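Residue numbers (our numbering), protein chains in the order written: chain A, 684 to 1031; chain B, 684 to 1031; chain C, 684 to 1031; chain D, 684 to 1031.
Ideal Cβ placement from N, Cα and C applies to all residues, glycine included.
Since we're looking at a predicted model, the values are computed, not measured.
This is the structure in structure tokens:
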């Protein structure tokens, strides 16, 4: 790498933003040049993240034009709707952008507008954006300037199902995805529902049949299957900070065997740097991927019922957000895909 | 109540046993006369349960004959296989017994033998035993002397599905039950897998496609449906002490409406003292039932996919074990069904 | 008890308020007649506390006059400053009141005004109020109409030290109290500092050298010692919901022996229904008092350094707040002191 | 660095051992050449640490001679007593060794023998060993071949007190250290006392007045003070995985001011790469150092009572064990002291 990639972050004061700072600060090919935040403008990084005390970064309130002029690549770690206002500026300047929100995840702007309840202001850029799951769209990403970082739940569900769907092995059109997430997925918010006392020692479903990650899963799974796939998705809140386990149930076509299933997963993932297919009898746990960009997957097959049960685990702030965004950046810039995100999980 | 019911507990040093002591000590109609334990014989209750320091109970090692001679009713809170050796003695003495293990849960001894990998030594008593889920088998329990206390997972899954199945509303024969349990469900064991550091901040599936609670669910759900029902069951370990949430997915026959579904649940549970059907948009959480005999249930219906998503929450040591056992005892002895187990949940 | 005590709660929507509802609902001698809340007026109890779904209580916004006319006794579970506005009305009506805040804990209004930064509006009633720690002020409480429920930390620290100080055994005037509290002590608040992600897996001191419970400890400890006692107090936030452990260090006068110390504690506490003096080598844990009105205490003595190390554990919402308030009520009304608060701790 | 340092680990299957693998695997100047374990010989690293699946390391059972022949430096992450049997072999071969146990922490073998209840088999090597706290003994470490890695509690307490003691500012000879530790400090053990259900939602003191880290603190603090210092030390178990907060109370000599205290801490730590002195009003939390080699420190001074209250936080597996051991190695080998251990803390 002849010179460092200059990176800026918009919305750097949330959990994904903080994780981006942690990763980009340690990235050998990156210089972190701008942290934009309206709320914390003027504050040092250590005032917002006690873990980062001692680093010299400060938050500033940048205009889109200003931050784009400083950076080669922009990470948008702000709520959905923000990235749309930066994208045209980024495009005009010939820079790159990775949105951790949902603005650039959908092929069809109508779908975005239905689920996110706001008009999509730059449908023409949406058409050029790539859904940033490297294991599925690596080739397109290498040529892209704009990527929608996949949602945390969709990443875990799509990786769990890709080998099965791309083999055309799923029977019918209905898949069940039951996910369990740590609390950091809800963001860094002052909401009584996420007060420690309300969360600890509890597990509860939420957003049943109406979570906004559903259409994103359906879009990508349908593309993989080559036909329309529907997902019944139930997320659950778990008393832990980081991590998602998704347990996915898919009816498989008659005649499939356990060995076939396994071979498809091996074929798909054996050379992937960040997906670990577990041995039979081993199961994913969020503890084994804590703080990393890894996704662990197990595959079981109930032959009597022709039902595949696939489990995946990832860190929702890692492979589900910030480190995946860095992986996308690495691909976009043609550098080593694992640069800056090869940290081993912290255990226990 | 003219005189107190004399109760004995076998295996009182585990978590379910301790919960039985807590509940029976405070039960207005019960005198706790014997705590049997081989390991802790000679110890005071406070040496084994720091929470119960100050109570006068001591553990002794009783023979089945001795403890049966002292007690009107025996609770077996020991591993599966133990209750079988007490049952003939209890029956011969005309006393009552409630087994918190699996020895008396199955109608077919062959099923027990297949899943629990040991011969069933008293199949003739098994025929007289009642599967002790009060909301399903209250009438039989009132006449019974022997009951198999349902497993924690089956209690949560059967209560979630009973109204649907007894209406014949489920299409096909396959149901998916995805459960999330606190760690106390694994018992009070010195196993590195349950060391705090291995469990905290983690969620993981286990026993995928082979958990022993599956046949128990299938037996009872098939009885309710009037035809063979199959269950794909996946339990998960959650970093919390007590509680289970089960999320159940069942394909419903064409033509069913959301309102119908809801009315069936209201019909079934509106007069049940320990089942709370939640308002639409509210969801069960283990925090809302902590330390109680309650089971909370939500019902959702995805009309487009004809899929019912039913969620239930209970305390695995309460409605999933000890307080349900006391509820069974109350019914067996014809006293107020809520006696001794009407404690409100501890929150937060 | 010929007729039920009519109880009202002001500020019933916080954690202490919810615990009061749980306890008073089950209290055999109490009828809960009024729950006052401005924020939740019109809501059912189950909308505010999911654990209490199914109970018929509703929140209303009462004037002091209205709620006093309905109730025999008022519990004030609101922030400090609120109780002062109810006290004159309660007194005029000849009713009783127990304040869970700090308004009626101090003998000297100037001390209140200094630490709570507001004028004390009814110093004349303050003079009639009793500091409601039953183990210290039981006799006065039996004759009182107005009590200040001790703070959670002071309860744990004063109970840990009372036997030592009342024997005049402490050397010098300086005591160190290092306390560890669960998060519910901070109240039911939408504050990012208590978001699960900020608290879990963390322990941290706060309010070092300036926590408002310090003068309350010093007042009571000085009274017990018969001379001015100073306390260096450091509270810590622990990732758990309920419970306080206080570790107290006091230099003891030369010549004291371990046996003497222990005998003073036995003398003081052996007949107390809610204090358990632990055997040597056993230590208090918040788990052993969870959900109860108990306080567990251990006593150690470092003879070489003449240093007593006394540890106490209680449930901050129980003996540290709501159940202690009920204990005070029981004493004030001359009924069984343990009525309604004899629940055994929930374990594990 | 012309060639890689070859490192071997003895007892690599515990939590400190796993952390050493994580850190040394990523260390730019180290090649990890041998993992010794009797229990796990033949197993792959991923069988023992699910987080490390995919790495190629295997456990073997090495003799001391064999592992010493392979490695330039040996880390002993085994129970106290093991390192003594390796030390003579290491010394004879002219290699280096860092013991994470207590065998080489004491200047006086009699002290070791009294507290660890076993004879010290190589007192002559003990004389050459350096107590490996870099902030205190950096110069000696640079010349040493053998170091005793400080205990986790002593690291936190000594760093909290060093500036005060080396200024001769402590009055009297008695210091109180009240520490709070996560559960990983107890090691990776199958002990019912560390079962999740026994630990979660609980806080408890243990080892009161008899913890083995006490003499280690006293040795180092006395050296710093130039006179005998005594410590009353109380550790507490906290329901979290990693981290220690120590709250230290020391009576300060008359005439000292807050500003002086603070200036001593700034003087001592402003150039230390791994100690962060917090601004007044900020307090250490284990969350801010999670997974790192950092130690955060706050200093308060109660002028009225002449009492300094110093709080420190570190990761017991990081600065309290594995990463500190790597820091020691870096110093011993004369490479960049921060190499391989500059990871930022994982937050939240």
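| query | result |
| --- | --- |
| Contacts of residue 1002/C in chain D (Cβ-Cβ under 7 Å) | Neighbours of residue 1002/C on chain D: none; closest Cβ ~15 Å, over 7 Å. |
| Interface residues of chain D facing residue 873/B [CB-CB closer than 8 Å] | 873, 874, 875 and 878 |
| Residue of 993/C, 797/C, 974/C and 700/C minimising C-alpha distance to residue 967/C | 993/C |
| Status (buried if at least 16 other CB within 10 Å, exposed otherwise) for residue 1020/D | buried |
| For residue 857/C, the three-state DSSP class (helix, strand or coil) | strand |
| Own chain residues within Cβ distance below 8 Å of residue 864/A, not counting five before or after | 835, 836, 918, 919, 920, 921, 926, 927 and 999 |
| Top-ranked residue by Cα proximity to residue 698/B, from 1017/B, 974/B, 1014/B and 804/B | 974/B |
| Within chain C, the residues that residue 990/D reaches when beta carbons sit closer than 7 Å | 915 |
| Cross-chain neighbours of residue 892/A in chain F, by beta carbon under 7 Å | The question asks about chain F, but that chain is absent: this structure's protein chains are A, B, C and D. |
| Counterpart residues of residue 932/B in DSSP-defined beta bridges | 859/B and 992/B |
| Outcome for residue 802/A when other beta-carbon atoms lying within 10 angstroms are tallied against a minimum of 16 | exposed |
| C-alpha gap between residue 980/C and residue 874/C, whole angstroms | 33 Å |
| Residue 784/C versus 810/C, 858/C, 855/C and 814/C, residue with shortest Cα-Cα distance | 814/C |
| Min CB distance residue 885/B to chain C below 7 Å | no |
| Short CB-CB distance (under 7 Å) between residue 718/A and chain D | no |
| Local conformation of residue 1015/B per DSSP, three classes | helix |
| Euclidean distance between Cα positions of residue 882/A and residue 933/A | 31 Å |
| Straight-line gap, residue 930/C to residue 916/D (C-alpha atoms, nearest Å) | 11 Å |
| CB contact below 7 Å: residue 755/C versus chain D | no |
| Chain A contacts from the region 854-867 of chain D (Cβ-Cβ distance under 7 Å) | 867 |
| Cβ-based contacts, 9 Å cut-off: residues of the region 920-938 of chain D near chain C | 920, 921, 922, 923, 924, 925, 926, 927, 928, 930, 932 and 934 |
| Nearest candidate by alpha-carbon position, reference residue 720/C, set 734/C, 714/C and 741/C | 741/C |
| Residue 780/D, DSSP secondary structure in three states | strand |
| Proximity test, Cβ basis, 7 Å: residue 888/C and chain D | yes |
| Rounded C-alpha distance that separates residue 924/A from residue 702/A | 13 Å |
| Cβ-based neighbour list, residue 795/B, same chain, cut-off 6 Å, excluding 5 preceding and 5 following | 789 and 803 |
| Backbone secondary structure at residue 979/C - three-state DSSP | strand |
| Interface partners of residue 897/B on chain A, CB under 8 Å | Residues of chain A passing the Cβ test: none, with the nearest at roughly 10 Å. |
| Beta-carbon proximity check, residue 1022/A vs residue 712/A, cutoff 7 Å | yes |
| Nearest residue (CA-CA) to residue 714/A, options 686/A, 853/A and 729/A | 686/A |
| CB-CB length for residue 769/A against residue 759/A, believed under 8 Å | 6 Å |
| Sequence ranges, beta strand (DSSP E) only - wholly within the region 741-798 of chain B, length at least 3 | 756-759 and 779-782 |
| Proximal chain B residues relative to residue 698/D, where beta-carbon distance stays under 8 Å | 880 |
| Whole-angstrom distance between residue 761/C and residue 747/C, CA atom to CA atom | 13 Å |
| Selected residue, minimal CA-CA separation from residue 939/B, among 997/B, 852/B and 763/B | 852/B |
| Three-state class that DSSP yields for residue 887/B in the structure shown | strand |
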